[in-house]
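>
In my numbering, the protein residues as written are 789 to 1139.
1. Are three or more beta carbon pairs between the segment 1047-1058 and the segment 972-984 nearer than 8 Å?
2. Mind checking whether residue 899 and residue 917 have CB atoms under 7 Å apart?
3. Per DSSP, which one or two residues make a beta bridge with residue 1019?
4. Please state if the CB of residue 991 and the CB of residue 932 are separated by a distance shorter than 7 Å.
5. Can you tell me the Cα-Cα spacing of residue 952 and residue 908, whole angstroms?
6. Measuring alpha carbon to alpha carbon, tell me which of 1133, 849, 1099 and 820 ends up nearest residue 1086.
7. Quick check on DSSP: helix, strand or coil for residue 915?
8. In terms of alpha-carbon separation, which member of 838, 1054 and 1022 lies closest to residue 1042?
9. Is the separation between the beta-carbon of residue 943 and that of residue 998 shorter than 7 Å?
10. Restricting to Cα atoms, I'd like to know which of 810, 805 and 949 is closest to residue 855.
11. Considering only residues of the same chain and omitting the five flanking positions on each side of residue 995, which have a CB-CB separation below 8 Å?
12. So what's residue 902 in DSSP terms, helix, strand or just coil?
13. Is it true that the CB of residue 862 sits closer than 7 Å to the CB of residue 802?
14. DSSP three-state label for residue 969, please.
15. Out of 937, 1053, 812 and 831, state which residue places its alpha-carbon closest to the alpha-carbon of residue 819.
And the structure:
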C-alpha cells in the first residue's frame, strides 16, 4: 500500500513537517529504513540513528528536532501508538480465502455457522457449535461439542477448542494453542493418584489474543476465565479455575497455577511462576523469572526475584549478594588474624 504524507497525517490526526505529497511505500525500523519508508522514534535508545536514517519520514514527538530537512516529520504525542496505527494502514492482518466452507472440512449438522464465516480444509466442527459472523477457522482446527465463538475471531492452524468453551468476539488464537484441556487435578489415595474429573469449562472474553502453543485448562468445577483485552504470549500455561483480569499481559513461558486470581492491568514477565490459590492485585508488575508464592498487592508496585519481593527490597538483597564474596574473604582473613593473635597470646602466657 502507498499513501502520501498528508493522507497519513490526516488519518493519524498528526501535524507534519515536509512535503505533504511525499509518497510513502512502507514501514521499517529506523536503523534499516530506506527511501520511501516511514519509520518511528519512541525509545531514546534509538535517537543515535536519527541523523543517519535513510527513511523518508519519521513519526516522533513534538519536542524532538529533526537533524536535517531531508527527513519529513509526523508529530504525535505518543509516537509508538502512531506507529501501531500506521502498521494497520499499511499491512492488513493475514486472512484466509473466503468467506466460505472448504469441502474437506467436517462440520456436524447441528452446528450453527454465521454469515461470512471461513472454514478451511481439515477443520472439524462438533455438535452444537455456534460460530459468529466473520470468524475465520484455519486449517486443522478442532472445535469440540457445544463450543460458542463470537464474531470476527481468528483461529490459526491446529488450534484445539474443547467441549463447552466460550470464546468472545475479535479473539485471536495462534497456532497450536489448546483451550479447555483437563486441569492438573489428582487426589492422593493409598499411595496412588486418582484423577479428579475436570467438568468445568473456559470463558475467553472479547478482544483477547493468545499466542502459539499455549494451554488454557478448563475449570475443575466452574470456569477458567480470561477477561476482556488480555494478551498472552507464546508457551504459557494457565491452570484450572484461574481468572485473569481485563487488559492484563503475560509474557512467554509463564505459568499460573490453579485458582489464582489476577487483577486488571497486571503485567507478568517471561518465565514467571505463580503458585495456586493466591491473588495478584490490580496494576501490579511481576518481573521475569519471579517465583510468586503468596498474594501480592499494591497499585503500581513491581515485584521480582524468587521468592518474589518488592523491587526495592530485591535490589538491596542483590546488592548485598554481590558483596558476599568480598565479605567472605574478609571474614576468613579476620579469622586467620584472630587465630594468629590467639597463638601469640598463648605463647606469651606459657613464657
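Built from N, CA and C at the ideal position, the CB exists for glycine as well.
Quick answer:
1. Of all C-beta pairs linking the segment 1047-1058 to the segment 972-984, fewer than three are shorter than 8 Å, placing the two stretches out of contact.
2. Working through the chain shown from its first residue, we reach residue 899 at position 111. Working through the chain shown from its first residue, we reach residue 917 at position 129. Taking 7 Å as the Cβ cut-off, residue 899 and residue 917 qualify as a contacting pair.
3. To locate residue 1019, count along the chain shown from 1; it is residue 231. Residue 1019 is bridged by DSSP to 997 and 1037.
4. On the chain shown, position 144 is the one that residue 932 refers to. On the chain shown, position 203 is the one that residue 991 refers to. Going by beta carbons, residue 932 and residue 991 fall outside the 7 Å limit.
5. In the chain shown, residue 952 corresponds to position 164, counting from 1. In the chain shown, residue 908 corresponds to position 120, counting from 1. In a straight line, the C-alpha of residue 952 is about 22 Å away from that of residue 908.
6. Residue numbering aside, residue 1086 sits at position 298 when the chain shown is read from its first letter. Taking residue 1086 as reference, the option from 1133, 849, 1099 and 820 with the minimal CA-CA separation is 1099.
7. For this step, residue 915 is matched to residue 127 along the chain shown. In the structure shown, the three-state DSSP call for residue 915 is coil.
8. Here residue 1042 corresponds to residue number 254 of the chain shown, with the count starting at 1. Per the Cα distances, 1022.
9. On the chain shown, position 155 is the one that residue 943 refers to. On the chain shown, position 210 is the one that residue 998 refers to. No, these two residues do not count as a Cβ contact at 7 Å.
10. What you label residue 855 is simply residue 67 of the chain shown in a count that begins at 1. Nearest C-alpha to residue 855: 805.
11. Walking along the chain shown from the start, residue 995 turns up at place 207. If we look at residue 995 and ignore the five residues flanking it on each side, its Cβ neighbours are 956, 957, 958, 959, 1016 and 1017.
12. Position 114 of the chain shown, counting from 1, holds the residue named residue 902. Residue 902: coil per DSSP, three-state reduction.
13. Here residue 802 corresponds to residue number 14 of the chain shown, with the count starting at 1. Here residue 862 corresponds to residue number 74 of the chain shown, with the count starting at 1. The Cβ-Cβ distance between residue 802 and residue 862 falls below 7 Å.
14. As a position in the chain shown, residue 969 is number 181, starting the count at 1. Of the three classes helix, strand and coil, the one that applies to residue 969 here is strand, per DSSP.
15. Mapped onto the chain shown, residue 819 falls at position 31. Here the closest residue by C-alpha is 831.
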